[in-house]
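Residue numbers (the working numbering): 122 to 212.
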């Protein structure tokens with residue numbers, strides 16, 4: 122059974138701000154089930170830009186991305202990919 126969560130490190134200079142949070146939310150909204158972001162034991166809905174922003178993820182933050190069902194594994198991988206690509210930001 123595939124892993125339903127992945128840890129990622131925020132590598133963007135500005136951390137997770139409105140634009141990067143919007144990209145996460147856009148991808149998460151395509152999921153069949155819930156997608157979550159967890160930081161410091163606080164879990165929020167990844168489809169909500171405002172919820173993501175409340176986590177205050179600065180550069181270097183380690184967060185966990187979690188899906189409720191393996192049918193959304195592509196969604197999880199797509200979000201992880203955005204982190205790896207720094208959400209298309211140069212720095």
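Virtual Cβ for every residue (Gly too), placed ideally from N, Cα, C. Keep in mind that this is a model prediction, so the values were computed, not measured.
Less than 8 Å divides the Cβ of residue 152 from the Cβ of residue 193. Straight across, the Cα-Cα distance linking residue 186 with residue 158 is about 5 Å. In the same chain as residue 142, and ignoring 5 residues on each side of it, the C-beta atoms closer than 8 Å to its own belong to 170, 173, 174, in chain order.
Only buried fits residue 149, as 16 or more other CB atoms lie within 10 angstroms of its CB.
In this structure, DSSP gives residue 144 a helical state, which the three-state scheme calls helix.
Here residue 192 carries a helix assignment [DSSP, helix/strand/coil]. At a Cβ-Cβ threshold of 8 Å, residue 188 and residue 125 count as neighbours. Residues of the same chain with their beta carbon placed closer than 6 Å to that of residue 205 are lacking, with the five preceding and five following residues left out of the count.
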